[in-house]
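Read the structure below first, then the notes.
Residue numbers (the numbering used here), protein chains in the order written: chain E, 1 to 120; chain C, 121 to 391.
What follows is the structure, given as structure tokens:
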């Protein structure tokens, strides 16, 4: 067993970070989408990254299936993969763009920004 | 670019699973189409410059995106009519007969991109009224503007104007939602046609719309009338649908251009 330091983190073996929200800056200009998207030209989308290992924290809002899968994985990693770190809550953003008829359109696109990550 | 790399590399591998074996190929093919269709920077700028968004659309975007950042849902705003898509169509009508009085003005909109799958929740016509320079030509008093459907001449909305009082230019907003309720009866093909007329006081005689500030000549793009349509999509839209539409329209434009050039060559050969 690795001893915890005063911040509750483990010394020794390189540990993978737990499932959490990480930065993901999307630049529509770099994607080449600035020929039809008027605004915004970039935004913070975030992404989910990290491991879902035993014991799963409650803030990750695991499904019952994820709890079982994580338990199975902790007992035998070769038989079952860990559950997946994925977005569990997303929010929309407003986009102003030019449609195929050259009309200017405002649209609220759902699920564009990761608000919360969890294990599923 | 990160997501693009993920799609193209994992596409064929994923096809080994239970998913449709064509999914990966289709997405990588689509990705190739996207990359191939990306025009050069100068062409992109030309395209962007050709479409000038009206201030009204920019203000809608600014208001709702600011509200989103504060955690408010844009659909709570009364002006949005609980819509999540607001499309602006620019007027294609023209005023001819330069020297004769402009009794009626026809507003034409190409609404072919409106999807039947989306629920229409509101529509309005926004017409920019210039400060009429020659308002002295009109007798003082109250004028009325009436908006009619071209086909049935059914009155859609009307508004009173005091030309002497309202010297400031501004936008007149007329409700055309009534016309959209029976859209298939009112559109001719993909064209939506509206007619504006002005009357003086209680009389039925139609006045010259130029004297009221509605003349179209010399108007910049920003001052052209717009039809604003509010829709609500039931299913979750994905951005790739927009990209697909763009590719399709570029493809048809390209084939039209090619066809035009072939016809020109044939004509030259005949000559």
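Beta carbons: idealized from backbone N, C-alpha and C, even for Gly.
Bear in mind the structure is a predicted one, so any value in this text is a computation, not a measurement.
According to DSSP, what are the bridge partners of residue i?
i                      : result
residue 244 of chain C : C/295, C/348
residue 39 of chain E  : E/96
residue 211 of chain C : Answer is none; residue 211 of chain C lacks a bridge partner.
residue 87 of chain E  : E/117
residue 327 of chain C : Paired residues: none, contrary to the question.
residue 107 of chain E : E/95, C/205
residue 265 of chain C : C/279, C/318
residue 228 of chain C : C/313
residue 25 of chain E  : E/44
residue 249 of chain C : C/290
residue 239 of chain C : C/352
residue 18 of chain E  : E/51
Going by alpha carbons, who is nearest to residue i out of the options?
i                      : options                    : result
residue 102 of chain E : C/337, C/332, C/232, C/224 : C/232
residue 25 of chain E  : E/42, E/16, E/19           : E/42
residue 57 of chain E  : E/98, E/111, E/19          : E/19
residue 17 of chain E  : E/38, E/49, E/65           : E/49
residue 91 of chain E  : E/47, E/31, E/32, E/29     : E/47
residue 275 of chain C : C/295, C/289, C/263, C/262 : C/295
residue 99 of chain E  : C/205, C/188, C/323, C/268 : C/205
residue 325 of chain C : C/207, C/265, C/313, C/192 : C/265
residue 172 of chain C : E/22, E/35, E/66           : E/35
residue 298 of chain C : C/332, C/210, C/269, C/224 : C/269
residue 315 of chain C : C/364, C/277, C/300        : C/277
residue 211 of chain C : C/339, C/284, C/365        : C/339
residue 234 of chain C : C/300, C/220, C/289, C/323 : C/300
residue 283 of chain C : C/365, C/220, C/333        : C/333
residue 224 of chain C : C/273, C/287, C/323        : C/273
So, for residue i: in the same chain, excluding its five sequence neighbours on each side, which residues have a beta-carbon less than 6 angstroms away from its beta-carbon?
i                      : result
residue 213 of chain C : 226, 227, 228
residue 63 of chain E  : 120
residue 247 of chain C : 292, 345
residue 203 of chain C : 241, 350, 351, 352
residue 259 of chain C : none
residue 327 of chain C : 318, 320
residue 159 of chain C : With a pLDDT of only 48 at residue 159 of chain C, under 50, the local geometry of the prediction cannot be trusted, and no value is derived from it.
Here's a check: name, in chain order, each residue in its chain whose Cβ is nearer than 8 angstroms to the Cβ of residue i, leaving out the five neighbours to either side.
i                      : result
residue 335 of chain C : 215, 222, 250, 329
residue 45 of chain E  : 24, 25, 26, 112, 113, 114
residue 29 of chain E  : 41, 42
residue 74 of chain E  : 53, 54
residue 279 of chain C : 264, 265, 292, 294
residue 112 of chain C : This structure leaves residue 112 of chain C out entirely; chain C is present only between 121 and 391.
Check the C-beta distance from residue i over to residue j and give it rounded, since I have them as a contact under 8 angstroms.
i                      : j                      : result
residue 267 of chain C : residue 245 of chain C : 6 angstroms
residue 117 of chain E : residue 84 of chain E  : Between residue 84 of chain E and residue 117 of chain E the Cβ distance is about 10 angstroms, and since that is not below 8 angstroms, they are no contact.
residue 188 of chain C : residue 95 of chain E  : Not really, about 11 angstroms apart at Cβ, beyond 8 angstroms.
residue 262 of chain C : residue 312 of chain C : The Cβ separation is near 29 angstroms, so there is no contact.
residue 39 of chain E  : residue 52 of chain E  : 36 angstroms between Cβ atoms; not a contact.
residue 368 of chain C : residue 239 of chain C : That belief does not hold up - the Cβ atoms of residue 368 of chain C and residue 239 of chain C are roughly 24 angstroms apart, past 8 angstroms.
Excluding five sequence neighbours on each side, which residues of the same chain lie with their C-beta closer than 7 angstroms to the C-beta of residue i?
i                      : result
residue 310 of chain C : 230, 231, 232
residue 61 of chain E  : 88, 118
residue 174 of chain C : 208, 342, 346
residue 37 of chain E  : 28, 95, 97
residue 290 of chain C : 249
residue 305 of chain C : With a pLDDT of 46 at residue 305 of chain C, under the threshold of 50, the predicted position of this residue should be treated as unreliable, though the coordinate-derived value follows. Here the set comprises nothing.
Compare the C-beta of residue i against all C-beta atoms of chain B and say whether one is closer than 8 angstroms.
i                      : result
residue 232 of chain C : Considering every chain present, this structure includes no chain B. Its protein chains are E and C.
Q: Kindly confirm or deny that the stretch 99-109 of chain E and the stretch 61-72 of chain E touch, where touching means at least three C-beta pairs closer than 8 angstroms.
A: no
Q.
Check whether the stretch 72-82 of chain E and the stretch 175-183 of chain C touch, using three or more Cβ-Cβ pairs below 8 angstroms as the test.
A. no
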